[in-house]
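Asks: Structure incoming, see below.
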Amino acid sequence: MLPTFVIGLREGVEAALIVGIIAAFLVKDPRGRGAMKWMWIGVGAAIGLCVAAGIALELVNKDLPQREQEGLETVIALLAVGAVTFMIVWMRKHARSIGKDLRESAEGALAAGTTGALVGMAFFAVIREGLETVVFLLAAFQSATNPTTAGFGALLGVLCAVAIGVAIYRGGVKLNLARFFRFTGVVLVFVAAGLVASALHTAHEAGWLNAGQDAAFALDWLVVPGTWTASLLTGMLGLQPFPVVVEVAGYVAYAVPMLLFLLLPDRVRAKLRRGSMQTATTTLLLVVVAGILLAACGSSDDLAAGTKRVDVTLTDAGCDPATLTLEAGPTTFVVTNAGTTRVSEFEVLDGSKILGEKENIASGLSGDFTLTLQPGSYTLACPGGKTAATGQLTVGGKAVAQSTDKRLRAAVAGYASYVKAQAAELRSRVKAFAAAVKAGDVAKAKSLFASARAPYETIEPVAESFGDLDPEIDARVNDVAKGDEWTGFHRIEQALWKRGSTKGMAAIADKLVTDVQSLHAKVQTETYQPEQLANGATELLGEVSKSKITGEEDRYSHTDLWDFEANVAGAQTAFGLLAPALRSHDARLASDVAARFDAVQRELDRIKRGGAFPSYASVGQAQRRRLSQLVDALAEPLSEVAAKLQA
Amino acid sequence: MSRLAMSRRGFLGTAGLTAGGLVAGGAIATALDGETAGADGGDDVVTFYGAHQAGITTPTQARLHIAAFDVVAGATRADVQDLMRRWTAAAARMSEGRSLGDGEPAALAPPPDTGEAAGLPASRLTVTVGLGPSLFAGRGGRDRFGLAGSRPAALRPIEPLPGDELDPSRSDGDLCVQACADVPEVAFHAVRNLARIGRGVVVMRWSQLGFGRTAKTTDAQETPRNLMGFKDGTNNITAEEDDALARWVWAGAEAPPWMRGGTYMVTRRIRMLIEVWDRASLGDQEATIGRHKTTGAPLGRGAEHDKVDLRASGPGGPAIPLDAHVRLAAPVSNDGVRILRRGYSFTDGFDPELGQLDAGLFFIAFQRDAHKQFAIVQRGLGPDALNEYIKHVSSGLFAVPPGVAREGDYLGRALFER
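Next up, the structure:
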């Protein structure tokens with residue numbers, strides 16, 4: 020609500036000032052009195068045109084398919100950024116002289132003997148500010164959590180602006196315009212920087228931008244979805260719980276130079292200008308972007324997914340730090356010589372056995388090596404160091420099995436990308452579903468429900484490994500302890516099918532979007548073991564037995580068969596990735612499981628009508644039993660796979 | 058002869074449970090735990106009379122038949138009171154291994170005893186009677202029998218708990234009868250005959266047979282295994298723990314006078330997804346429960362009765378996983394709360410919808426206040442890894458009034474003759 024208020028207030032004040040000055044002229048000039056009416060008509064027409072433009076844009080946007088919608092949102096957001104930047108820059112330069120300039124051109128118009136020119140000035144002033152406002156507001160609305168309060172904020176802003184305009188016109192109020200525009204400018208820079216980030220986000224959703232999509236860092240401790248602080252931080256500063264690298268880069272690259280431009284006192288700016296302000300700004304911008312891109316590359320290209328980076332510096336003393344506590348898993352040690360000639364080597368030892376080392380790191384050089392650390396105690400060595408020639412490394416966490424089988428490594432890597440792809444699909448489908456829910460479109464939301472859930476059901480065991488996330492996303496009503504809030508898919512399912520309404524669901528839909536985003540962020544760095552794939556597949560079939568065949572999963576929508584098929588698909592993918600390796604251990608088991616997957620899928624296909632599943636309520640007991648027993652027949656041999664792979 | 062033998066046993070039984078003398082307690086445990094049953098009903102009789110009802114701290118018998126009843130519309134308070142009188146007398150008599158009815162049965166009338174247990178020993182039969190919340194306040198809080206004012210605070214229905222998939226037709230009830238014995242016919246006979254006596258006043262609401270004990274209630278008993286193949290109830294409250302019984306099982310001054318010395322029974326029919334469980338790897342099964350399957354020892358330890366050390370760490374993490382059943386059910390995870398468990402394995406054959414075995418654990422627990430004990434523990438089990446493999450499908454809560462001290466008295470007299 021605050022950002023839209025500031026937008027409304029600021030643009031409103033600009034327009035009101037211009038209209039006020041023109042009105043003052045018209046009142047003073049005897050010929051102008053009749054033109055007063057025309058001026059108001061011009062202002063009204065301009066407002067009407069702006070509102071119409073806004074509605075038209077929104078309607079066009081609504082009718083577009085998801086992907087194109089994201090595209091248009093990107094364009095609108097960029098337009099808004101452009102508009103607000105221009106406004107800030109222009110005002111920064113003209114805030115002091117705006118009244119004088121206007122009066123001069125008004126006098127000029129009057130001297131030329133035409134009130135029509137004055138009326139035109141008012142009309143164009145309002146339409147310019149109005150269009151800016153509309154574009155800006157649309158963009159703000161698209162990233163606002165609550166459209167109603169956002170709209171209210173804008174209205175309030177405009178009303179305040181009108182009041183201020185009237186007060187200034189009557190001469191009762193003296194506003195320090197320079198200060199007013201500078202303060203609102205700062206707020207708007209943050210809002211616009213948020214819009215830059217959200218434009219980069221929607222550009223990714225639209226498929227235009229795929230670089231730098233790794234999570235930069237987690238802000239979910241600060242931006243707790245559903246809290247008022249979160250709406251303030253998200254609304255005002257554009258902060259997201261899990262910003263990705265490119266969004267952070269865009270945010271900083273916009274906000275820092277703009278703030279400097281706006282806040283540096285004129286003296287400093289003048290001095291800077293002498294040393295070429297433009298060059299400085301450009302350099303700064305380039306440095307920021309390059310730095311962030313470098314960081315992005317460092318985290319996504321140099322290190323394989325899930326590999327942790329540890330920095331060690333060689334000094335005269337030896338290793339710095341000399342004591343390390345790490346979690347088990349693949350770890351890259353980046354060793355840098357800070358300028359010592361005493362030490363040029365770093366080793367990690369298990370007893371006397373060297374697990375990994377980097378030699379010949381002369382002063383100023385650096386190097387790295389990667390190890391898969393297992394829990395235990397190890398020794399660090401920096402031979403030649405004065406006080407820290409040896410150090411201690413303690414590794415905690417779970418043991419990491421290292422597969423020597425190339426096919427298994429490929430299976431694990433393949434599964435990691437499958438999970439990421441499903442999580443990305445889930446994110447985009449849930450966004451569309453949540454949009455329908457928030458738009459109050461019950462029929463559309465119902466039609467999107469089953470397919471929005473499907474990607475989740477394919478990777479459910481992975482989601483469950485993140486503790487609270489699964490209950491937040493997928494709890495059924497009876498899974499929720501008294502006093503806890505019921506959130507996620509099934510809460511909305513109940514509203515859609517039982518109440519036939521989306522009332523009160525906007526916040527739940529928002530939270531669902533945030534939760535699947537957080538799932539998406541978390542799977543980016545997740546690694547898997549072959550037996551996890553096998554057992555995860557068995558678990559997925561356990562899910563089928565436990566809640567899909569009984570019809571308890573989707574008890575309001577009866578879309579259980581969609582979940583059923585997704586569970587089976589997820590299990591089949593995991594199994595399919597393991598199959599090449601399994602075949603060399605136990606070819607019969609591999610073909611048996613494959614055939615039984617086919618049998619389950621054939622039975623599911625038989626139930627489909629025109630490519631879609633019927634309501635599970637219409638599936639009879641005999642059919643349910645057949646499905647259940649086919650799943651049992653599949654799950655039984657599937658449960659043998661994990662042990663076979665280790666043999 | 059049995060009269061004399063019984064009163065002796067009755068004395069010892071009371072002494073053992075109330076005074077808690079080590080010698081007396083041990084003697085009872087030995088005497089009652091004998092699986093051999095004398096055909097004359099000597100050593101295998103558990104006295105019906107005592108400060109508390111039998112079938113709570115009694116060493117768990119091998120078989121269970123439990124049933125809940127609803128009082129029919131039109132029955133009066135006097136009808137219910139009279140039923141309690143007749144049930145008490147019949148239960149006392151059956152506990153001694155005797156048939157119902159005196160003298161020669163008339164040829165023209167149906168026999169007073171249904172007869173299937175004739176000639177069988179008492180088989181340590183215990184009959185435990187409970188009163189449900191609905192007896193005190195019917196639908197919409199209606200005071201059906203003028204008992205509303207006597208309802209203990211602890212006898213309010215348990216609110217839905219996380220993961221519940223309850224079938225109302227298999228849950229709750231106005232009255233409940235738990236019959237336990239070492240011989241299945243004897244347990245069945247008891248419930249059948251009490252149901253017969255109640256006809257016209259009560260109708261059966263649900264009934265469950267249990268075929269194997271899953272808890273031990275004395276130190277001398279071996280810890281049994283449940284259908285998941287794990288030892289169940291290693292750290293149960295046992296009859297020897299007088300302080301724990303007084304603190305956690307018997308209702309005290311907080312209860313209305315008629316309930317003091319009684320206890321509250323919770324029943325839960327817990328369906329196990331046996332087929333799914335059977336294909337979980339041994340490692341997963343043990344991580345789910347938090348114990349080793351063969352020995353019953355806590356993970357990382359060697360013997361069953363080794364202390365469950367939740368802070369112990371194993372290779373790469375806590376020895377007992379954070380979502381393991383023993384961790385979440387442990388008293389330290391639940392404000393120190395303990396309950397006395399007395400559940401049985403069950404199977405009702407076949408689930409026609411799934412084409413799978415319909416089997417699991419019929420959980421029974423006794424405690425001083427189910428809201429402060431069972432419900433706390435069960436709520437804490439929300440994130441339990443075991444929930445992947447089980448489903449709670451029925452639930453019941455019953456006030457189990459104190460025992461009757463002597464022949465002629467009846468269960469719940471202090472409630473009805475207030």
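If you're matching them up, the sequences are chains A and B in order. Here this note's numbering is used: the first residue of the first sequence is 20, the next is one more, and so on. Here this note's numbering is used: the first residue of the second sequence is 58, the next is one more, and so on. Backbone N, C-alpha and C fix where the C-beta goes; we use that ideal spot for every residue, glycine too.
Have a look at the DSSP bridge pairing and note the partners of G337 (chain A).
Replies: Paired residue(s): A:A407.
Asks: With 7 Å as the C-beta to C-beta threshold (strictly closer), list the residues of the region 406 to 428 of chain B near chain A in chain order.
Replies: So the list reads P409, E410, L411, G412, Q413, given in the order they occur along the chain.
Asks: For the 8 Å Cβ check, are there 3 or more pairs between the region 571 to 588 of chain A and the region 539 to 550 of chain A?
Replies: The answer is no - the region 539 to 550 of chain A does not touch the region 571 to 588 of chain A, with fewer than three Cβ pairs under 8 Å.
Asks: First and last residue of the beta strand (DSSP E) that includes N356 (chain A)?
Replies: Segment 348 to 356, the beta strand (DSSP E) holding N356 (chain A).
Asks: At a Cβ threshold of 9 Å, is A315 (chain A) touching chain B?
Replies: Caution is warranted here: a pLDDT of 43 is assigned to A315 (chain A), below 50, making its placement in the model unreliable, and the coordinate value is therefore given only provisionally. Taking Cβ atoms only, chain B never reaches closer than 9 Å to A315 (chain A), which makes this a no.
Asks: Which of helix, strand or coil does DSSP assign to P430 (chain B)?
Replies: The question names Pro, but residue 430 (chain B) is Gln in the sequence shown. Q430 (chain B): coil per DSSP, three-state reduction.
Asks: Check L121 (chain B) in the structure and name its three-state DSSP category.
Replies: Correct three-state label for L121 (chain B): strand.
Asks: In chain A, which residues lie less than 9 Å from L330 (chain B) when you measure between Cβ atoms?
Replies: G561, S564, K565, listed in chain order.
Asks: Just the chain A side, please: which residues come within less than 7 Å of E216 (chain B) by C-beta, in chain order?
Replies: Result: K501.
Asks: Taking Cβ positions only, does G286 (chain B) come closer than 9 Å to chain A?
Replies: It does not: the Cβ of G286 (chain B) has no partner Cβ on chain A nearer than 9 Å.
Asks: Pick helix, strand or coil for E572 (chain A), following the three-state DSSP scheme.
Replies: In this structure, E572 (chain A) counts as coil in the three-state DSSP scheme.
Asks: Kindly indicate the opening and closing residues of the beta strand (DSSP E) around D579 (chain A).
Replies: Run containing D579 (chain A): none in the beta strand (DSSP E); it sits in the alpha helix (DSSP H), 579 to 604.
Asks: Assess, as a yes-or-no matter, whether the region 486 to 501 of chain A is touched by the region 530 to 539 of chain A under the definition of 3 or more beta carbon pairs within less than 8 Å.
Replies: Verdict: yes, contact present.
Asks: If we ignore side chains and look at the alpha-carbon of each, how far apart do A451 (chain A) and D335 (chain A) end up?
Replies: Cα to Cα, A451 (chain A) sits roughly 58 Å from D335 (chain A).
Asks: Determine which residues share a DSSP beta bridge with M261 (chain B) and list them.
Replies: Looking at the DSSP assignment, M261 (chain B) forms a beta bridge with B:F126.
Asks: Tell me, to the nearest whole angstrom, how far the beta carbon of A442 (chain B) is from that of I331 (chain B); I am working on the premise that it is less than 8 Å.
Replies: Their Cβ separation, rounded to whole angstroms, is 17 Å, which puts A442 (chain B) and I331 (chain B) out of contact at 8 Å.
Asks: DSSP three-state call for G176 (chain A): helix, strand or coil?
Replies: G176 (chain A): helix per DSSP, three-state reduction.
Asks: Below 9 Å between beta carbons: does that hold for L515 (chain A) and V563 (chain A)?
Replies: Their beta carbons are not under 9 Å apart, which means L515 (chain A) does not touch V563 (chain A) by this criterion.
Asks: Using beta carbons (cut-off 9 Å, strictly below), is D321 (chain A) in contact with chain B?
Replies: Only weak support is given to the placement of D321 (chain A): the predicted model assigns it a pLDDT of 40, under 50, and the value that follows is read from those uncertain coordinates. Output row for D321 (chain A): interface = no.
Asks: Which residues, in order along the region 297 to 311 of chain B, keep a beta-carbon less than 9 Å from a beta-carbon of chain A?
Replies: Taking 9 Å as the Cβ-Cβ cut-off against chain A, none of the residues of the region 297 to 311 of chain B qualify.
Asks: In the structure shown, what three-state DSSP assignment does L443 (chain B) receive?
Replies: L443 (chain B) falls in the helix class under three-state DSSP.
Asks: Determine the DSSP secondary structure at E33 (chain A), reduced to helix, strand or coil.
Replies: If DSSP states are grouped into helix, strand and coil, E33 (chain A) belongs with the helices.
Asks: Does DSSP put Y106 (chain B) in a helix, in a strand, or in coil?
Replies: Of the three classes helix, strand and coil, the one that applies to Y106 (chain B) here is coil, per DSSP.
Asks: How big is the Cα-Cα spacing for A400 (chain A) and T332 (chain A)?
Replies: Going from the Cα of A400 (chain A) to the Cα of T332 (chain A) covers about 12 Å.
Asks: Tell me, to the nearest whole angstrom, how far the beta carbon of M141 (chain B) is from that of G469 (chain B); I am working on the premise that it is less than 8 Å.
Replies: That belief holds up - the Cβ atoms of M141 (chain B) and G469 (chain B) are roughly 5 Å apart, short of 8 Å.
Asks: Using DSSP bridges, identify the partner residues of R198 (chain A).
Replies: DSSP, once it has assigned bridges, lists no residue as partnering R198 (chain A).
Asks: For N444 (chain B) versus G220 (chain B), is the C-beta spacing smaller than 9 Å?
Replies: In contact: N444 (chain B) and G220 (chain B) (Cβ atoms closer than 9 Å).
Asks: Along the beta strand (DSSP E) that carries G230 (chain B), what are the first and last residues, could you check?
Replies: Looking at the DSSP string, G230 (chain B) is not in any beta strand (DSSP E), and its letter there is neither H nor E.
Asks: Which residues of chain B have a Cβ atom closer than 9 Å to the Cβ of A661 (chain A), listed in chain order?
Replies: S338, listed in chain order.
Asks: Let me know the secondary structure DSSP gives P388 (chain B) once reduced to three states.
Replies: DSSP places P388 (chain B) in helix when its eight states are reduced to three.
Asks: Smallest Cα separation from F455 (chain B): which of B:V461, B:P440, B:F431?
Replies: With distances taken between Cα atoms, F455 (chain B) lies closest to B:F431.
Asks: So is K273 (chain B) in contact with chain A if we call contact Cβ pairs under 9 Å?
Replies: By this cut-off, K273 (chain B) is not an interface position.
Asks: Can you tell which of B:V243, B:S452, B:L302 has the C-alpha that lies nearest to the C-alpha of M177 (chain B)?
Replies: The displayed chain sequence assigns Leu, not Met, to residue 177 (chain B). Measuring from the Cα of L177 (chain B), the nearest candidate turns out to be B:V243.
Asks: Whole beta strand (DSSP E) runs in the region 259 to 340 of chain B with 3 or more residues, listed along the chain?
Replies: Qualifying beta strand (DSSP E) stretches, in chain order: 259 to 267, 320 to 329.
Asks: Please compile the residues from chain B whose C-beta is within a distance smaller than 7 Å of the C-beta of P474 (chain A).
Replies: Going along chain B, no residue has its Cβ under 7 Å from P474 (chain A), so there is no contact; the nearest lies around 21 Å.
Asks: What does V333 (chain B) reach in chain A if we use C-beta pairs closer than 7 Å?
Replies: The contacting residues are G561, S564, K565.
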